[in-house]
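Beneath this line is the structure, given in structure tokens, with notes to follow.
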Amino acid sequence: MLAGGYGGPVIEPAALQTAPSATAERADAADERAGRVTINDVAAAAGVSVSTVSKVINGRYGVSAKTAEHVSRVVGELGFETSIVASSLRGGRTNVIGVLVAGFEPFTLGVLQGISAELTGTGYDLLAYSGRSAPGEQAGWERRSLSRLGGTLIDGAILVTPTVETASTPVPIIAIDPHTGRSPLQSISGDNRDGALQAVRHLIELGHRRIAHLRGRGDLESALLREEGYRRALLEAGIPVREELIVDGDYLADTATGAVAALLDLADPPTALFAANDVSAIRAMDVATGRGLRVPQDLSVVGFDDIPAAATSVPALTTVHQPLEEMGRLAARRLLDELDGRAQPEPGRHEELATQLVVRGTTAAPEA
0 MLAGGYGGPV IEPAALQTAP SATAERADAA DERAGRVTIN DVAAAAGVSV STVSKVINGR
60 YGVSAKTAEH VSRVVGELGF ETSIVASSLR GGRTNVIGVL VAGFEPFTLG VLQGISAELT
120 GTGYDLLAYS GRSAPGEQAG WERRSLSRLG GTLIDGAILV TPTVETASTP VPIIAIDPHT
180 GRSPLQSISG DNRDGALQAV RHLIELGHRR IAHLRGRGDL ESALLREEGY RRALLEAGIP
240 VREELIVDGD YLADTATGAV AALLDLADPP TALFAANDVS AIRAMDVATG RGLRVPQDLS
300 VVGFDDIPAA ATSVPALTTV HQPLEEMGRL AARRLLDELD GRAQPEPGRH EELATQLVVR
360 GTTAAPEA
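Here's what the structure looks like:
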């Protein structure tokens, strides 16, 4: 057992505790079973020892420039590629960063773009892994994923919207937008409360007083903070919070459909709607226009996240820009600094990035 710096004790993978010669043999055996070109094949073709080939492909010292060039040429000719598992067995590192997500949706894809951009040119590959196998399996997916990947396939992990506190892991971890807010992990999120404040203040400044809120999932910290910002903006303006104007959207288009219909069926329906994310905001627009209402003349709509579809919707959606790509970039930078020894682990450190209202075509003053 090694003294770990990632929030708890770290168990060294058994494969890495095996003698180097044994791990090399096991790795080559795995390559042979898979029908791949092995390090032994490269050594035989190049007329050098296996250890020389190993030094060349792993960038270690002790090989002349001429020999290294020769071996590299043979590697290219034979098409030798070491597998991720074989790399782990041989050297304890895979140079792979795992990005663990519950599913692939607009929020996650925005974060992935930032991570990918930051890793470009670093020598690290990105492995995106969706760990939730069924719609009902919302809690604990990241622990299952880490148990499958950590210590063998990846050197470090970025968890996107993790559902539980994961304090003991075999690899360093950065969390993005954790469900329960701040945790023992180092984490990054956007400023959800302030973003919601900006959105609702904008609607109030336009003259709206009956402002509805299509909130997100009740078990997510981001949704709770956005609802808090909505309530605070109303109270600051002296506008009573009307509970009948707050409905559950769960961040899902399907849930938003019925919720928005119920709002529009009220005897005194809202003139404006703040949705907790863009997906539900765009569905709200569809429901309204399907009833013959005009956006924004009859119903102003504001979303949250600023996903690509927000700018291309008709009309273009006014929304709160959350820096999804920068969140991904920052998470990747923090993880690489730790892996490459430029920074020490900082369990519990939380960084909150600013959000900004982007006014487009779905908000206007209410018609008399």
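Residue numbers (numbering that gives the first Met the number 0): 0 to 367. We put the CB at the ideal spot given by N, CA and C, even for glycine.
Just measuring C-alpha positions, the residue of 50, 195, 316 and 237 sitting nearest residue 228 is 195.
Between the region 112-122 and the region 325-338, the count of Cβ pairs shorter than 8 Å is three or higher; the stretches touch.
In this structure, DSSP gives residue 129 an extended state, which the three-state scheme calls strand.
Ranking 129, 36 and 159 by CA distance to the CA of residue 109 puts 159 first. Of all C-beta pairs linking the region 242-253 to the region 212-228, three or more are shorter than 8 Å, placing the two stretches in contact. One alpha carbon belongs to residue 208, the other to residue 238, and they sit about 7 Å apart.
Beta bridge pairing from DSSP links residue 303 with 319.
Ranked by Cα distance from residue 71, the first of 63, 56 and 61 is 56. Rounded to whole angstroms, the gap between the alpha carbons of residue 53 and residue 343 is 30 Å. A residue is called buried when at least 16 other Cβ atoms come within 10 angstroms of its Cβ; residue 106 meets this threshold and is buried.
DSSP lists 214 as the bridge partner or partners of residue 247.
Here the alpha carbons of residue 338 and residue 236 stand approximately 48 Å from one another.
Judged by DSSP secondary structure, residue 296 falls outside any alpha helix (DSSP H); it is assigned neither H nor E. A residue is called buried once 16 or more other Cβ atoms fall within 10 Å of its Cβ, and residue 261, having fewer, is exposed.
Pairing residue 350 with residue 188, the inter-Cα distance amounts to about 7 Å. A distance below 6 Å between beta-carbons, with the five flanking residues on each side excluded, links residue 360 to the following residues of its chain, in chain order: 314 and 315.
Residue 124 carries a strand assignment under DSSP once its states are collapsed to helix, strand and coil.
Contiguous alpha helix (DSSP H) elements confined to the region 40-76 occur at 49-56, taking only those with 4 or more residues.
Nearest Cα to residue 128 within the set 95, 120, 121 and 118: 95. Taking the CA atoms as reference points, residue 267 sits about 18 Å from residue 284.
When the alpha-carbon of residue 233 is set against those of 303, 199 and 44, the nearest one is in 199. In the three-state reduction of the DSSP assignment, residue 240 falls in the coil class, being assigned neither a helical nor a strand state. In this structure, the CA atom of residue 319 is about 53 Å from the CA atom of residue 68.
By a beta-carbon distance limit of 8 Å, residue 118 does not contact residue 330. Their separation comes to about 11 Å. About 6 Å separates the CB atoms of residue 269 and residue 244; that is less than 8 Å, so the two are in contact. Each residue's CA atom was taken as its position, placing residue 177 and residue 161 some 5 Å apart.
Shown here for residue 271: same chain residues with a beta carbon closer than 6 Å to its own, the five before and five after excluded, namely 202, 207, 210 and 299 in chain order. For residue 263, DSSP assigns no beta-bridge partner whatsoever.
With respect to residue 302, residue 309 sits close: the two C-beta atoms are nearer than 8 Å.
Counting along the chain, residue 226 sits inside the alpha helix (DSSP H) bounded by residues 220-235.
Shown here, residue 185 sits in a strand according to DSSP, grouped into three states.
With contacts defined as CB atoms closer than 8 Å, residue 352 and residue 307 fail to qualify as a contacting pair. If the five residues before and after residue 47 are omitted, its C-beta is found closer than 7 Å to the C-beta atoms of 66 and 70, all from its own chain and listed in chain order. Looking from the CA of residue 366, the closest CA among 277, 172, 174 and 205 belongs to 205. Between residue 157 and residue 93, the beta carbon gap of about 15 Å keeps them out of contact (Cβ cut-off 8 Å).
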